Amino acid sequence: MIMLSLAKATLGHGQCPVLQDVNAAFAPGEFVALVGPNGAGKSTLLSALAGLNPPISGEAMLANRPVALLSPGERARRIAYMPPDEQTVWPVPARTIAALGRMPHRKPLERLKAGDEAAIDAALEKTGVAHLGHRRFDMLSSGERARVLLARALATEAEILLLDEPTASLDPRHQLGLMDLLAAEAASGKLVVIAAHALGLVARYCSRVILIDGGKVAADGPPAEALSESNLERVFAITAPGGARPTGWSPA
Amino acid sequence: MRDFKLVVIQLAICAIASLAHLLAGGFPLGALLSGDEAARLILVDLRLPRLVLGLVIGASLGLTGAVLQGYFRNPLADPGIVGVTSSAGLGAVIALYFGLGGFLGIGVPLFAILGAATGAAVLLLVAGARASATTLILSGVAVAALANSLTALMMNLSPNPWALSEIAYWLMGSLANASWTEVSVALPLIAAGCFVLAFTARALDALTLGEETARSLGVNLTLLRILCVAGAALAVGGGVAVAGAIGFVGLVAPHLLRRFVDHQPSRLLLPAALGGAALLTAADALIRLLSGQGTPLYLGVATALLGVPFFFWLVRTQTRGPA
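Chain order of the listed sequences is A and B.
Under numbering that gives the first Met the number 0, think of the first position of the first sequence as 0, with each following residue one higher.
Under numbering that gives the first Met the number 0, think of the first position of the second sequence as 0, with each following residue one higher.
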């Protein structure tokens with residue numbers, strides 16, 4: 000069953016194409032990593048999947064409907080998206096940030112209901128920041144902020160999770176915890192797509208890697224194939240004997 | 000309601016400010032009780048409409064300030080920043096300059112409202128359909144600058160010193176001319192504007208994490224922008240139409256109260272409106288107390304004089320780190 004797909008899509012900003020001829024279909028339960036050099040177009044692809052950056056040509060489809068035709072509310076309930084570098088100007092408590100994830104489920108001016116509170120608590124618990132709920136978001140460390148923002152995305156309880164570099168500012172232990180968590184979300188039937196540079200983690204946890212380079216999809220398959228020695232040399236210009244190997248690290 | 004206690008305290012402060020406003024300059028209680036017609040007229044036709052207008056305009060400025068600060072994600076935004084105050088002022092000055100003030104008895108307010116509507120329309124057209132908050136703020140500054148320069152030109156060209164001083168005093172803002180006519184002109188516009196602005200609450204929260212996140216949460220940014228500009232034009236334009244440009248309330252009221260609502264934009268709206276009402280009413284009471292015959296003080300002066308000490312205190316305590 001196909002949940003989310005791009006067909007013959009040209010993606011970019013305005014009329015300036017970044018990625019050409021993208022064909023990719025995603026099924027529930029997949030844990031996909033978008034991998035590629037800086038500027039390759041990972042974020043462009045993610046925001047197109049999120050329905051926020053409509054393809055210049057081609058179509059992004061959710062189930063059998065163009066994402067562009069969904070109402071913003073329905074799209075927000077079904078797709079949780081975490082853009083890179085989210086910042087806040089107001090020194091609100093961390094829990095208020097996580098609570099934003101429930102907004103797509105609420106009517107205007109409606110208060111949080113018990114179900115909303117439970118979803119927020121569960122999300123904060125999963126990302127290990129429940130104890131930080133009352134702290135000011137802007138006073139947290141960048142890793143703690145990243146986990147609160149992930150809780151915000153999880154709190155929506157959407158069937159699709161699109162996360163732009165969720166591991167970027169986490170310490171090794173929390174990176175492992177995050178990947179465990181996302182693998183569990185995928186195993187529960189959700190579609191999880193992340194952009195990531197941590198190839199050892201990607202190789203260990205992800206079921207599929209889409210390698211992006213030079214304005215197109217360079218490889219699409221299981222990590223062992225997509226992150227092979229020759230692909231890594233071609234795309235990243237690095238020598239990686241044996242390709243990207245799954246990390247053997249685990250929390251002690 | 001989560002901020003029930005805060006709102007009750009604010010309502011009490013509004014009530015105290017209102018009482019002070021009615022009592023300022025002496026209250027003819029004895030004459031009123033003995034059925035003196037003149038005393039009744041002073042209360043019902045002079046003091047009450049002025050009080051009502053002060054409360055309503057103060058609330059509209061506080062609310063508009065809170066919405067615009069939330070929308071622009073900038074604590075320095077005030078209702079003037081989208082240019083509607085200046086363009087409403089320009090409309091009024093045009094009416095004064097061409098001697099159209101008597102038109103239907105509501106010439107000045109009518110032209111002020113037309114000015115606010117024109118300013119808002121120009122702003123939305125210049126900024127375009129897909130404008131970001133930054134584009135909108137820059138366009139707003141440009142609209143305000145244009146309206147201000149045209150106003151200055153009118154003053155340059157004004158035929159005599161009397162017309163010049165009428166324009167200058169009008170621009171400083173005053174509730175001294177308030178009657179039930181002014182209330183009936185301003186109240187529907189301001190109510191409509193506040194109604195529109197109330198619908199922005201949820202989207203303002205979503206904007207806490209930026210425009211991209213807000214869109215992903217289902218916020219229609221184009222609609223939000225139109226609500227903000229149209230709501231501000233109605234709410235602020237309605238006030239400027241009858242009382243001139245009253246500064247500072249819209250900037251300071253949200254600021255003073257933000258800390259009491261955990262800095263959450265949606266929860267700030269009602270307290271900011273009540274705070275604006277209290278501040279403007281207190282400022283107007285002060286003016287009624289201090290203004291002697293022939294030396295009318297202007298409202299913008301008093302709002303700043305009352306608000307600035309709070310503001311200094313706020314800036315000082317905020318720079319000392321986390322609350």
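Beta carbons: idealized from backbone N, C-alpha and C, even for Gly.
Keep in mind the model is a prediction, meaning the values are calculated, not measured.
Residues, ordered as in the chain, of the stretch 95-116 of chain A that lie near chain B by beta-carbon distance below 9 Å:
Hits within the stretch, in order: Thr95, Ile96, Ala98, Leu99, Gly100, Met102, Pro103, Arg105, Lys106, Pro107, Leu108, Glu109 and Arg110.
Which of helix, strand or coil DSSP assigns to lysine 125 of chain A
The residue given as residue 125 of chain A occupies position 126 in the first sequence. Helix at lysine 125 of chain A.
Distance, Cα to Cα, glycine 28 of chain A vs alanine 194 of chain A?
Here the question's residue 28 of chain A lines up with position 29 in the first sequence. Here the question's residue 194 of chain A lines up with position 195 in the first sequence. Each residue's alpha carbon lies about 17 Å from the other.
Is there at least one Cβ from chain A nearer than 8 Å to leucine 269 of chain B's Cβ?
Taking the first residue of the second sequence as position 1, residue 269 of chain B is located at position 270. It does not: the Cβ of leucine 269 of chain B has no partner Cβ on chain A nearer than 8 Å.
Can you list the residues of chain A that histidine 262 of chain B reaches, using a CB-CB cut of under 7 Å?
The residue given as residue 262 of chain B occupies position 263 in the second sequence. Per Cβ cutoff of 7 Å: Trp89, Pro90 and Val91.
Relative to the C-alpha of glycine 213 of chain A, which residue among A/Ala239, A/Ala98 and A/Leu18 is closest?
As a position in the first sequence, residue 213 of chain A is number 214, starting the count at 1. Minimum Cα distance to glycine 213 of chain A is reached at A/Leu18.
Quickly, what does DSSP pair serine 59 of chain B with across the bridge? List them, please.
Translated into the one-based positions of the second sequence, residue 59 of chain B becomes position 60. Serine 59 of chain B pairs with nothing; no bridge assigned.
Keeping to the same chain, check which residues put their C-beta closer than 7 Å to that of glycine 199 of chain A; ignore five residues upstream and five downstream.
Here residue 199 of chain A corresponds to residue number 200 of the first sequence, with the count starting at 1. Apart from the 5 residues on each side of it in sequence, glycine 199 of chain A sits with its Cβ closer than 7 Å to the Cβ of Ala243, Arg244, Pro245 and Thr246 in its chain, given in chain order.
Relative to the C-alpha of alanine 39 of chain A, which residue among A/Gly11, A/Gly50, A/Asn52 and A/Leu51 is closest?
For the purposes of this step, residue 39 of chain A is taken as residue 40 along the first sequence, with counting starting at 1. Here the closest residue by C-alpha is A/Gly11.
Distance, Cα to Cα, leucine 3 of chain A vs phenylalanine 25 of chain A?
Taking the first sequence and counting its residues from 1, one reaches residue 3 of chain A at position 4. Taking the first sequence and counting its residues from 1, one reaches residue 25 of chain A at position 26. Straight-line measurement puts the Cα of phenylalanine 25 of chain A at about 5 Å from the Cα of leucine 3 of chain A.
Just reading off the beta strand (DSSP E) that aspartate 137 of chain A is part of, what are its end residues?
Here the question's residue 137 of chain A lines up with position 138 in the first sequence. First-last for aspartate 137 of chain A: undefined, no H or E at that position.
Does arginine 224 of chain B come within less than 8 Å of chain A when only Cβ atoms are used?
The sequence position of residue 224 of chain B within the second sequence is 225, counting from 1. The beta carbon of arginine 224 of chain B sits no closer than 8 Å to any beta carbon of chain A.
Taking any Cβ of chain A, which residues in the stretch 208-236 of chain B have a Cβ under 8 Å from it, in chain order?
Listed by position, the residues of the stretch 208-236 of chain B near chain A (Cβ gap below 8 Å) are Leu208, Gly209, Glu211, Thr212, Arg214, Ser215, Leu216, Gly217, Val218 and Asn219.
With DSSP collapsed to three states, give me the class of glutamate 58 of chain A.
Locating residue 58 of chain A in the first sequence gives position 59, counting from the first residue. Correct three-state label for glutamate 58 of chain A: strand.
Segments assigned alpha helix (DSSP H), at least 4 residues, entirely inside the stretch 141-199 of chain B:
You should have 160-171 and 179-197.
Sequence-distant residues of the same chain with beta carbon closer than 6 Å to glycine 217 of chain B, five excluded per side
Position 218 of the second sequence, counting from 1, holds the residue named residue 217 of chain B. Correct list: empty, nothing qualifies.
Are isoleucine 96 of chain A and valine 147 of chain A touching if we call contact CB-CB under 8 Å?
Locating residue 96 of chain A in the first sequence gives position 97, counting from the first residue. Locating residue 147 of chain A in the first sequence gives position 148, counting from the first residue. The criterion of a C-beta distance shorter than 8 Å is satisfied by isoleucine 96 of chain A and valine 147 of chain A.
Contact set for valine 235 of chain B: own chain, Cβ-Cβ below 6 Å, skip 5 residues either direction
As a first step, residue 235 of chain B is located in the second sequence; it is residue number 236 there, counting from the start. The beta carbon of valine 235 of chain B lies closer than 6 Å to those of Thr63, Pro78, Val83 and Thr84 in the same chain, with the five residues before and after it left out.
Would glycine 88 of chain B pass as a contact of leucine 170 of chain B if the rule is Cβ separation under 8 Å?
Here residue 88 of chain B refers to the residue found at position 89 when the second sequence is read from its first residue. Here residue 170 of chain B refers to the residue found at position 171 when the second sequence is read from its first residue. Contact: yes.
Return helix, strand or coil for phenylalanine 25 of chain A, following the three-state DSSP convention.
Taking the first residue of the first sequence as position 1, residue 25 of chain A is located at position 26. Here DSSP, grouped into helix, strand and coil, assigns phenylalanine 25 of chain A to strand.
Would you give the residue range spanned by the beta strand (DSSP E) that aspartate 261 of chain B belongs to?
Position 262 of the second sequence holds residue 261 of chain B. First-last for aspartate 261 of chain B: undefined, no H or E at that position.
When you compare only the Cα positions, how much space is there between proline 222 of chain A and proline 82 of chain A?
For this step, residue 222 of chain A is matched to residue 223 along the first sequence. For this step, residue 82 of chain A is matched to residue 83 along the first sequence. One C-alpha to the other measures close to 24 Å.
Can you give the beta carbon distance from isoleucine 323 of chain B to alanine 277 of chain B, rounded, assuming they're within the 8 Å contact cut?
Any answer about residue 323 of chain B is impossible in this case: the structure gives chain B only from 0 up to 322.
With a threshold of 8 Å between beta-carbons, can arginine 39 of chain B be considered close to chain A, or not?
Translated into positions along the second sequence, residue 39 of chain B becomes position 40. No, no contact with chain A.
Inter-residue Cα distance where the pair is serine 148 of chain B and glycine 61 of chain B
By 1-based counting over the second sequence, the position of residue 148 of chain B is 149. By 1-based counting over the second sequence, the position of residue 61 of chain B is 62. Note on geometry: alpha-carbon atoms of serine 148 of chain B and glycine 61 of chain B lie some 26 Å from one another.
Would you mind working out which of B/Ala162, B/Leu273 and B/Ala303 sits nearest alanine 14 of chain B, comparing C-alpha positions?
Here residue 14 of chain B corresponds to residue number 15 of the second sequence, with the count starting at 1. Scanning B/Ala162, B/Leu273 and B/Ala303 for the CA closest to the CA of alanine 14 of chain B turns up B/Leu273.
For leucine 54 of chain B, which option in B/Asp35, B/Gly275, B/Thr302 and B/Ile286 has the closest C-alpha, if you only look at C-alpha atoms?
Position 55 of the second sequence holds residue 54 of chain B. Nearest C-alpha to leucine 54 of chain B: B/Gly275.
Check whether the stretch 85-105 of chain A touches the stretch 133-150 of chain A, counting contact only when three or more Cβ pairs, one atom from each stretch, lie closer than 8 Å.
With a cut-off of 8 Å, the stretch 133-150 of chain A and the stretch 85-105 of chain A count as touching, because enough Cβ pairs lie within range.
Sorry if obvious, but does the Cβ on valine 43 of chain B come closer than 7 Å to a heavy atom of the ligand ADP?
Among the components of this structure there are no ligands whatsoever, and the ligand ADP is therefore not found.
Of the residues B/Gly25, B/Leu75, B/Ala252 and B/Ala144, which one's Cα is nearest the Cα of glycine 118 of chain B?
What you label residue 118 of chain B is simply residue 119 of the second sequence in a count that begins at 1. Glycine 118 of chain B has its Cα closest to that of B/Ala144, out of B/Gly25, B/Leu75, B/Ala252 and B/Ala144.
Please go through the same chain and pick out, in chain order, the residues whose beta-carbon is closer than 7 Å to the beta-carbon of alanine 108 of chain B, but skip the five residues on each side of it.
Translated into positions along the second sequence, residue 108 of chain B becomes position 109. Residue identity check: residue 108 of chain B is proline in the sequence provided, not alanine. The residues are Val184, Ala240 and Val241.
Contact between the stretch 79-93 of chain A and the stretch 247-265 of chain B (3+ Cβ pairs under 8 Å)
They touch, by the three-pair rule.
Quick one: does threonine 9 of chain A have its CB under 8 Å from some CB of chain B?
For the purposes of this step, residue 9 of chain A is taken as residue 10 along the first sequence, with counting starting at 1. Closer than 8 Å: no.
Please name the residue in B/Ala303, B/Leu289 and B/Asp283 whose C-alpha comes closest to that of leucine 47 of chain B.
Sequence index remark: in the second sequence, residue 47 of chain B carries index 48 (1-based). Sorting B/Ala303, B/Leu289 and B/Asp283 by C-alpha distance to the C-alpha of leucine 47 of chain B places B/Asp283 at the top.
To the nearest angstrom, report how far apart valine 330 of chain A and glutamate 73 of chain A are at their CA atoms.
Summary: the structure shown does not reach residue 330 of chain A, with chain A confined to residues 0 through 251, and so no result is reported for it.
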